[in-house]
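Peer 1: First residue of the sequence shown? That's 3 in the working numbering, and the numbers climb one at a time after it.
After the structure tokens below, expect a handful of questions from me.
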Amino acid sequence: MAFQSMMALVYYNGQIMTDELMSSQFMSEVTSYLEVNNCMTLTTLKQIILNLFIPFNGKSYMVDLFYRCPITMNGLWTSYRCLTIQDDDDLQYVVAYAKNYEPLIQFELMAFIREYKTTSNIAWEYLEQQLNDSLNIG
3 MAFQSMMALV YYNGQIMTDE LMSSQFMSEV TSYLEVNNCM TLTTLKQIIL
53 NLFIPFNGKS YMVDLFYRCP ITMNGLWTSY RCLTIQDDDD LQYVVAYAKN
103 YEPLIQFELM AFIREYKTTS NIAWEYLEQQ LNDSLNIG
């Protein structure tokens, strides 16, 4: 496998819209570029994206990644579908596929980042809220 690298536009916690032609479109107020290559693991890419958008604060986060994949192209428009990137093989495939179309289209990812809460944290927060309520602490 030859090393392939390219720039990707990453959208942060936006929306995935579908137009009248059933083509997917990413929308977000916050975007950034980063370099992606086919030797990266999905875990590495997610950590780079976290470092890009979230300052370190000791909390745990979950990242879901989606790729805007070109399905059909003609001279006037390109139709896209939204695919989930779930593992390292998906990431390698997506980079190789996007590299084929690099001169024509931009490589785009959507990153949905949310705080990870374990059930033990939720239980402690619930117990703390009950204690505060019983002591009438606002």
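Note that the Cβ used here is the ideal one computed from N, Cα and C, for glycine as well.
Jot down the residue ranges of each uninterrupted alpha helix (DSSP H) in the region 39-67, minimum 4 residues, whole runs only, in chain order.
Peer 2: The qualifying runs are 44-55.
Peer 1: For a quick check, are the C-beta atoms of L93 and L44 less than 8 Å apart?
Peer 2: Yes, Cβ-Cβ distance for L93 and L44 is below 8 Å.
Peer 1: According to DSSP, is L106 part of a helix, a strand, or is it coil?
Peer 2: Coil.
Peer 1: Rounded to whole angstroms, how far is the Cβ of V32 from the Cβ of Y14, which I believe are closer than 8 Å?
Peer 2: Rounded, the Cβ-Cβ distance is 4 Å, consistent with contact.
Peer 1: Determine, using beta carbons only, whether K2 and M8 come nearer to each other than 8 Å.
Peer 2: The requested residue 2 does not occur in the structure, where the chain is confined to residues 3 to 140.
Peer 1: Once the 5 residues before and after Y99 are set aside, which same chain residues still bring their CB inside 8 Å of it?
Peer 2: Excluding positions up to five away in sequence, the list reads C71.
Peer 1: Where do the ends of the beta strand (DSSP E) carrying S1 lie?
Peer 2: There is no way to answer for residue 1, as the model of the chain reaches only from 3 to 140.
Peer 1: Taking its Cβ as the centre, do 16 or more other Cβ atoms sit within 10 Å of E110, making it buried, or is it exposed?
Peer 2: Looking at its Cβ environment, which holds 16 or more other Cβ atoms inside 10 Å, E110 is buried.
Peer 1: Does the Cβ of F58 have 16 or more other Cβ atoms within 10 Å, making it buried, or fewer, making it exposed?
Peer 2: Looking at its Cβ environment, which holds fewer than 16 other Cβ atoms inside 10 Å, F58 is exposed.
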